[in-house]
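Participant: Below you'll find the structure I mean.
Here you go:
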């Protein structure tokens with residue numbers, strides 16, 4: 001089989017030739033909310049891939065998105081938290097994370113707040129490490145992972161009394177090599193944590209040369225894009 005060439009119309013590449021996801025909305029015919037929930041809604045959209053083409057109907061979860069924090073100390077240990085997750089009935093090792101559910105709050109500020117609220121820590125240096133869409137075939141949920149370094153205690157005013165599942169949070173600093181081994185040994189199952197661990201490891205190997213600004217535009221987050229705050 002012949003590999004597609006760089007001239008293939010559907011093959012989107014960045015200026016330096018890397019594969020690149022691109023925003024490419026199609027013709028929207030209608031949109032309605034089929035279900036309204038506490039955190040997410042279910043939206044039904046009718047659309048066409050081309051103007052005047054056949055109409056398609058898809059249901060998807062409208063989710064506010066989230067941020068996560070790969071906190072890395074001076075010994076190249078990553079901070080993991082253990083928390084119970086009811087849908088899968090598992091205690092899971094994850095990285096600190098939280099929803100983008102406060103109107104007007106920037107992703108960076110949300111990450112700084114979540115780090116303090118879940119671990120009682122703060123960081124002096126922040127970068128965007130990676131982004132991903134959890135399940136783009138059925139959800140708008142977008143996640144941005146920040147790399148946080150220069151770890152120190154959070155200010156007293158940023159601390160909260162953790163409740164419900166968060167009251168059981170346990171924190172551990174894990175050498176990044178050990179965390180990578182846990183991922184590759186199928187011991188860890190949080191997609192956010194697994195991606196963060198592997199991305200941190202890769203970033204260390206590359207001397208952190210690819211880190212992005214913490215306030216970099218986020219067009220892959222559909223809801224921020226539509227509100228005009230993601231570009």
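Numbering (the UniProt record's numbering), first residue to last: 1 to 231. Every residue, glycine too, gets a C-beta built ideally from N, C-alpha and C. Note that the structure is predicted; figures quoted are calculated from it, not measured.
#1: Nearest-angstrom Cα distance between residue 77 and residue 176?
#2: Using a Cβ distance threshold of 8 Å, determine whether the segment 187 to 197 contacts the segment 125 to 136, with at least three qualifying pairs required.
#3: Which residue comes first and which comes last in the beta strand (DSSP E) that contains residue 76?
#4: Whole angstroms is fine: what's the gap from residue 191's alpha carbon to residue 93's?
#5: Please specify which runs of the beta strand (DSSP E), each continuous and at least 3 residues long, are wholly inside the UniProt domain "Nudix hydrolase" (61 to 196), giving them in chain order.
#6: With a threshold of 8 Å, are at least 3 pairs of Cβ atoms found where one atom belongs to the segment 44 to 57 and the other to the segment 14 to 34?
#7: Inspect the CB distances between the segment 200 to 207 and the segment 115 to 124 and report whether three or more fall short of 8 Å.
#8: Based on DSSP bridge pairs, tell me the residues matched to residue 48.
#9: Could you check whether the segment 53 to 62 touches the segment 95 to 102, counting it as contact only if at least three pairs of C-beta atoms, one from each stretch, sit closer than 8 Å?
#10: Select from 80, 21, 100 the residue whose C-alpha is nearest the C-alpha of residue 223.
Facilitator: Taking the geometry as given:
#1: Rounded to whole angstroms, residue 77 to residue 176 spans 5 Å at the Cα level.
#2: yes
#3: It is not in any beta strand (DSSP E) - residue 76 carries neither H nor E in the DSSP assignment.
#4: 11 Å
#5: 66 to 71, 77 to 85, 90 to 94, 97 to 99, 121 to 133, 142 to 153, 170 to 175
#6: Using a Cβ-Cβ distance cut-off of 8 Å, the segment 44 to 57 and the segment 14 to 34 are in contact, since at least three pairs of beta carbons, one from each stretch, lie closer than that value.
#7: Verdict: no, contact absent.
#8: Residue pairing by DSSP puts residue 48 in a beta bridge opposite 27, 55.
#9: no
#10: 100
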